[in-house]
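Take a look at the structure below.
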């Protein structure tokens, strides 16, 4: 063999050696997810349980990162956009080799939607230092055992970066896209709303787009990248980055065609108003009405008197408007869906929590003059569920007063307040979000649920579980007297909730379906953070799944351009927006009906 041929053979073998590990690493990836915090814990536990069912406990492992160290990088713009998140990673091994890898990076819902639909999709990555160690125990070891250090194969995958192929979303994709366009545009009334608008079709974080209008392809970068939404939490540098995306057709920035995606319903998660109540201003708060919430969070009355209490200074803590929690709340409780006719008629049914913010002038929202029209208190912005939870937790020490916010309820989210009477939650329009009835657990248990805390209105935790459980895992059958979680949500009488979905492309569809099933079973058997969307057979009980849905409707941007396809309520092919949709029984084909302060409304 000639020296030239020999050299070519050596080079070829070298290339093959360097290629094979990367190809193997890529082939083991099952799901790389990003998005909602609402089901992050149970998706992790369910994925691990699914892995064990496939490969056995001896061959399945998990790891969780420190907070906000696993990045989502959107390469469509220069410089690239980076959003930090908190990840779990689950993997299986065989013969010492990694065989399957699943992961979920927890960020804002709409960031997760954007990173999924972006073409190219965002890359999930972290430094080797942030991937080191034996994990941060972000999910309790009682639910799935202790974290384990990542093997070198997985460290290599995530230091190189792997593309998002699924999104966990608190809202429908159409609703996420609608809110993203609302944020990424001028403050004011869109042409579709006209004189009927409340002036908040656009929220003011990008002066280059008309209010509420989604920017199309072929525009300057400035049309696609808005001003980041800042946090007012003391010492925080967190921001919510504002970037454009589409959910169908072509990516507005790259011009690349967006593949068709599948949306799978995971389950319903209730949203609760929660507050500090040991400084005196909110001590006696037990119930809030829709109108009271609208008055306080809009800045119409930043005072305890907004809730029918004695006048007093309070802190009111808003999420950023790229949050799925905020988006669901905006249309279930606050602004409610618009019923514009497109000719200047119609109406806004409620009052937006973004009223009197005047972004970007007041960015971050931090109790500036003019952001409260009356009352002694103030409004403040938090970015991410964790910051609003910390705002409420530390309201007394930071502001010297009680404070109120809202969050998707999960036992993980409530852990900082669990079984602590210094903090509480409120019923909405006299309907309890968690239990059959608001009140303390009696010594006999009569009239109340077994997992209900002894002090009325206290958020529950592991310490409140029945003795039969002794802590988590604990089934919903043991926690609720009726055997099923969140009875007032299931009946439709409590209306502040959203369905969490998982969105995927064809390549990850089967793997995502397996994760969803695992998480739904964990919601029945281990820790009931949500109501499973479908009938789920657990170890001790069978959950019937959802018997209600929200009527879907056509979303329009500020110029009246439809977002997404025509609406459908079918659980097998649901389409259209549904935040603030009228609550209907499963099987209903009625669309375009939305809730409002004035009762049933029809969306044109």
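Residue numbers (the numbering used here): 16 to 619.
For glycine and all other residues, C-beta sits at the position ideal for the given N, C-alpha and C.
(message) By the DSSP assignment, the beta strand (DSSP E) with residue 243 in it spans what residues?
(response) Here residue 243 belongs to no beta strand (DSSP E), and DSSP marks it neither H nor E.
(request) Give me whichever residues DSSP pairs with residue 99 in a beta bridge. (result) 86
(message) Looking only at its chain, what residues have a beta carbon closer than 6 Å to the beta carbon of residue 559, apart from the 5 residues adjacent to it on each side?
(response) 550
(request) Buried or exposed for residue 530, please, with buried defined as at least 16 other CB atoms from any protein chain shown within 10 angstroms of its CB. (result) buried
(request) Output yes or no for whether 8 Å exceeds the beta carbon distance between residue 189 and residue 570. (result) yes
(request) Look at the Cβ atom of residue 601, then the Cβ atom of residue 563, and state whether they are nearer than 8 Å. (result) yes
(message) Using a Cβ distance threshold of 8 Å, determine whether the stretch 52-66 contacts the stretch 151-166, with at least three qualifying pairs required.
(response) yes
(request) Apply the 10 Å Cβ neighbour rule to residue 149 and answer buried if 16 or more other Cβ atoms are within range, or exposed otherwise. (result) exposed
(message) Using a Cβ distance threshold of 8 Å, determine whether the stretch 135-143 contacts the stretch 206-219, with at least three qualifying pairs required.
(response) no
(message) Beta-carbon within less than 7 Å of residue 374's beta-carbon, same chain only, minus the 5 sequence neighbours each way: which residues are those?
(response) 202, 218, 219, 220
(request) Quick one: give me the first and last residue of the beta strand (DSSP E) that residue 49 is part of. (result) 44-50
(request) Give me the Cα-Cα distance between residue 574 and residue 521, rounded to the nearest whole angstrom. (result) 32 Å
(request) Using the Cα positions of residue 25 and residue 398, report the straight-line distance between them to the nearest angstrom. (result) Reliability fails at residue 25, whose pLDDT of 33 lies under 50, so the model's placement of it is uncertain and the value that follows must be treated cautiously. Each residue's alpha carbon lies about 54 Å from the other.
(message) Alpha carbons only, please: which of 52, 509, 164 is nearest the one belonging to residue 76?
(response) 164
(request) Report the rounded CA-to-CA distance for residue 136 versus residue 518, giving the unit in angstroms. (result) 13 Å
(message) Cutting at 6 Å between CB atoms, please list the residues of its own chain near residue 37, excluding the five before and the five after it.
(response) In this prediction, residue 37 has a pLDDT of 39, which is less than 50 and means its spatial position is unreliable; nothing more can be read from the coordinates.
(request) For the stretch 272-335, list the beta strand (DSSP E) runs that are entirely contained and at least 3 residues long, ordered along the chain. (result) 277-291, 330-334
(message) Quick check on the DSSP output: the beta strand (DSSP E) that includes residue 184 runs from which residue to which?
(response) 181-184
(message) Short of 7 Å in beta carbon distance, which residues of its chain neighbour residue 309, apart from the five on each side in sequence? Order them along the chain.
(response) 349, 365, 366
(message) I'd like the span of the alpha helix (DSSP H) that includes residue 132, first residue to last.
(response) 124-132
(request) Tell whether a beta-carbon distance below 8 Å holds between residue 333 and residue 439. (result) no
(request) Please report the residue range of the alpha helix (DSSP H) in which residue 404 lies. (result) 400-408
(request) Please report how far the alpha carbon of residue 233 lies from the alpha carbon of residue 580, in whole angstroms. (result) 23 Å
(message) Spatial neighbours of residue 67 within its chain, please: C-beta separation below 7 Å, excluding the five flanking residues on both sides.
(response) 75
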